[in-house]
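Colleague: Take any residue in the sequence shown, note its place counting from 1, add 5, and you have its number in our numbering.
Ideal placement from N, C-alpha and C gives every residue a C-beta, glycine not left out.
This is the structure I want to talk about, given as structure tokens.
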Amino acid sequence: MKKVVKFCLIATLSTTIISGCSFEGGNENAKGKESEKVEVQKNAGKYTMPDEKDKHEGTWLQWPHEYTYGQEYKQEVEPIWIKMASALTEGEKVHIVAYDEEEKERINKLLIDKGLNMDKVDFFIAPTDDVWARDSGPIFVYDNNKNLKILDPAFNGWGKKTPYKNDARVRENVSKQLGIERIDWGKFVLEGGAIELDSNGTALLTRSAVTNKNRNPDLSEEEIEKYISDLGVTNFIWLDGVPNLDITDFHIDGFAKFHDKSTIVTMKEDDLAEWGLSNKDMDKLLDAKNASGQKYKYEYLPLSKDKVTLEGGKTLDYKGSYINYYIGNKVVLVPNYNDPNDKIANDTIQKLYPDRKVVGIDVRELYKNGGMIHCVTQQQPIQLK
Numbered sequence: 006m007k008k009v010v011k012f013c014l015i016a017t018l019s020t021t022i023i024s025g026c027s028f029e030g031g032n033e034n035a036k037g038k039e040s041e042k043v044e045v046q047k048n049a050g051k052y053t054m055p056d057e058k059d060k061h062e063g064t065w066l067q068w069p070h071e072y073t074y075g076q077e078y079k080q081e082v083e084p085i086w087i088k089m090a091s092a093l094t095e096g097e098k099v100h101i102v103a104y105d106e107e108e109k110e111r112i113n114k115l116l117i118d119k120g121l122n123m124d125k126v127d128f129f130i131a132p133t134d135d136v137w138a139r140d141s142g143p144i145f146v147y148d149n150n151k152n153l154k155i156l157d158p159a160f161n162g163w164g165k166k167t168p169y170k171n172d173a174r175v176r177e178n179v180s181k182q183l184g185i186e187r188i189d190w191g192k193f194v195l196e197g198g199a200i201e202l203d204s205n206g207t208a209l210l211t212r213s214a215v216t217n218k219n220r221n222p223d224l225s226e227e228e229i230e231k232y233i234s235d236l237g238v239t240n241f242i243w244l245d246g247v248p249n250l251d252i253t254d255f256h257i258d259g260f261a262k263f264h265d266k267s268t269i270v271t272m273k274e275d276d277l278a279e280w281g282l283s284n285k286d287m288d289k290l291l292d293a294k295n296a297s298g299q300k301y302k303y304e305y306l307p308l309s310k311d312k313v314t315l316e317g318g319k320t321l322d323y324k325g326s327y328i329n330y331y332i333g334n335k336v337v338l339v340p341n342y343n344d345p346n347d348k349i350a351n352d353t354i355q356k357l358y359p360d361r362k363v364v365g366i367d368v369r370e371l372y373k374n375g376g377m378i379h380c381v382t383q384q385q386p387i388q389l390k
């Protein structure tokens, strides 16, 4: 099953983020919220990466444009961004990275015409290579004094498979514009979609996307773990993954996600096998233990019932995953495929997040180009002080 899908955790914002918008409004509302349930791991590591379902200041979206892949691409996927922005503004700010001033004005008018609450929308001007804000965008963490920082591992276009030099500078430029200190991880390459954390000392990763020589040829697995241990990780669940099966070399966030400290959301064995997992990886995933040595509980989502059929009638060679969903403050954005299993997945996820509204978004035109909802979103947590 040869997929071209980009299963990410943090993709591309863009190169030079220019002023002209302010985070003061959003961050002002976040100040003094020590009562928010955001746990900062004391003494476990240098930094804590907040859970995705912790309170957000906002969500970053890189708006699709025509300057890398053409006008047709932009027109095909842009409706997905409109739907994401509309749903997210119900509960948080949306920070849009626009390619240039002309694009900013076009997007602004488009969203006004669609009836969005523009008080919840900020724009940043920056040329970008791509839209995948999960893999190269800013990774926000807290230090042990509850100060917000931006973690900056290297990004190289999933092993130099696509244009990436603009995207590789995103985190540094965001850090400068927001006045938030950047933690430079130097040559260590890590995409956001390549790692899942349970907020309790465990990381779930695939070797094919992290220790792969097209990412980190000069780093051993032990050296890579030393970097990640800065996030309080003491327990590493390494799956072998599958190099070259998709552009990301098998990102974890396409098929497994921590629901909480004791629960993993994944697929059942038949679907995992169809996704490409080996029996060895399946056994390890479905028998995983947390940092305390306790076995995880599991919740299961199906693959789409059928192979994904695009709006124009063409059928892709693979089914769709629902696990690449994104948790906002008030909504959960779930990839949908115009498939009978959309409702099953949406209903299951609604039960997992009863305090949020599930919003199914048809991602077929994005999926054919390599990704889903989690791949193109990136959360900015609230400031705790």
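Got a sec? Which residues, its chain only, sit under 7 Å from K310 by beta carbon, not counting five neighbours each side?
Modeller: Locating residue 310 in the sequence shown gives position 305, where the first residue counts as 1. For K310, where only same-chain residues beyond five positions count, the Cβ hits under 7 Å are D344, P345 and N346.
Colleague: Going by DSSP, what residues sit across from H100 in a beta bridge?
Modeller: Counting from 1 along the sequence shown, the entry for residue 100 is found at position 95. Answer by DSSP bridge pairing, in chain order: W65 and D127.
Colleague: Taking the alpha-carbon positions, what's the L282 to Q384 distance?
Modeller: Indexing the sequence shown from 1 puts residue 282 at position 277. Indexing the sequence shown from 1 puts residue 384 at position 379. Their Cα atoms are separated by approximately 28 Å.
Colleague: Determine, using beta-carbon pairs with one atom in the region 178-193 and one in the region 154-169, whether at least three such pairs fall under 8 Å.
Modeller: With a cut-off of 8 Å, the region 154-169 and the region 178-193 count as touching, because enough Cβ pairs lie within range.
Colleague: Leaving out five residues before and five after N351 in sequence, what residues of the same chain have Cβ atoms less than 6 Å from its Cβ?
Modeller: On the sequence shown, residue 351 is found 346 positions in, with the first residue counted as 1. Closer than 6 Å at Cβ, skipping near neighbours: V339, V363 and G365.
Colleague: For Y72, name the three-state secondary structure that DSSP assigns.
Modeller: Position 67 of the sequence shown, counted from the first residue, corresponds to residue 72. Residue state, collapsed to three classes: coil.
Colleague: Can you tell me whether DSSP reads K231 as helix, strand or coil?
Modeller: For the purposes of this step, residue 231 is identified with residue 226 of the sequence shown, where counting begins at 1. In this structure, K231 counts as helix in the three-state DSSP scheme.
Colleague: Return the first residue and the last residue of the alpha helix (DSSP H) that Y372 is part of.
Modeller: By 1-based counting over the sequence shown, the position of residue 372 is 367. Its alpha helix (DSSP H) spans residues R369 to Y372.
Colleague: Please classify S40: is it buried, with 16 or more other beta-carbons within 10 angstroms of its beta-carbon, or exposed?
Modeller: Taking the sequence shown and counting its residues from 1, one reaches residue 40 at position 35. No answer about S40 holds up, because its pLDDT of 40 lies below 50 and its placement is not dependable.
Colleague: Have a look at P248 and R212 and give me their C-alpha separation to the nearest angstrom.
Modeller: The residue labelled residue 248 in the question sits at position 243 within the sequence shown. The residue labelled residue 212 in the question sits at position 207 within the sequence shown. Each residue's alpha carbon lies about 9 Å from the other.
Colleague: Using 8 Å as the cut-off, can you tell me whether the region 236-256 makes contact with the region 270-278, which would need three or more C-beta pairs spanning the two stretches below that distance?
Modeller: Output reads no: the region 270-278 does not touch the region 236-256.
Colleague: Give a yes or no on whether the C-beta atoms belonging to I257 and A199 are separated by under 8 Å.
Modeller: Translated into positions along the sequence shown, residue 257 becomes position 252. Translated into positions along the sequence shown, residue 199 becomes position 194. Contact: yes.
Colleague: Rounded to whole angstroms, how far is the Cβ of G50 from the Cβ of D235, which I believe are closer than 8 Å?
Modeller: Residue mapping note: residue 50 aligns to position 45 of the sequence shown, counting from 1. Residue mapping note: residue 235 aligns to position 230 of the sequence shown, counting from 1. Sure, about 5 Å apart at Cβ, within 8 Å.
Colleague: In this structure, does DSSP put V381 in helix, strand or coil?
Modeller: Taking the first residue of the sequence shown as position 1, residue 381 is located at position 376. Correct three-state label for V381: helix.
Colleague: Tell me the DSSP bridge mates of T320?
Modeller: Counted from its first residue, the sequence shown places residue 320 at position 315. Note: T320 sits in a beta bridge opposite T314.
Colleague: Taking the straight line between their C-alpha atoms, what separation do you get for G206 and I117?
Modeller: Along the sequence shown, one-based indexing puts residue 206 at 201. Along the sequence shown, one-based indexing puts residue 117 at 112. Their Cα atoms are separated by approximately 43 Å.
Colleague: For T167, tell me which candidate among I185, Y342, W137 and R176 has the shortest Cα-Cα distance.
Modeller: The residue given as residue 167 occupies position 162 in the sequence shown. It is W137.
Colleague: Which term fits K38, buried or exposed, when burial requires 16 or more other beta carbons within 10 angstroms of its beta carbon?
Modeller: Here residue 38 refers to the residue found at position 33 of the sequence shown. With a pLDDT of 41 at K38, under the threshold of 50, the predicted position of this residue should be treated as unreliable, though the coordinate-derived value follows. By the 10 Å Cβ count, K38 comes out exposed.
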